[in-house]
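Take a look at the structure set out below.
In the working numbering, the protein residues as written are 53 to 138.
In structure tokens form, the structure reads like this:
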């Protein structure tokens, strides 16, 4: 299995990792692996989210080109309120 050496870990990060490892009853190495896995998952989800938002933006542009921009809901609400107060 591959290994990784991390140098110059800030003391505060190391303290937090030691505390977390103790609370979770893990070795420091196991805690480091856990945090790396969690970070990788968060990064992946962030990438998935960016891809999703990009896809939504592309779809909105396509719909807008095909059907126009549509009516702003603020304008519709104002018109309804004006009709109701008249």
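Backbone N, C-alpha and C fix where the C-beta goes; we use that ideal spot for every residue, glycine too.
| Item | Value |
| --- | --- |
| Option in 131, 70, 75 with minimal Cα separation from residue 84 | 70 |
| Alpha helix (DSSP H) segment containing residue 103, residue limits | 80–119 |
| Continuous alpha helix (DSSP H) stretch holding residue 55: start and end | Per DSSP, residue 55 belongs to no alpha helix (DSSP H) and is neither H nor E. |
| Rounded distance between the beta-carbons of residue 89 and residue 78, thought under 8 Å | Not quite, the Cβ-Cβ distance comes to about 12 Å (not below 8 Å), so this is no contact. |
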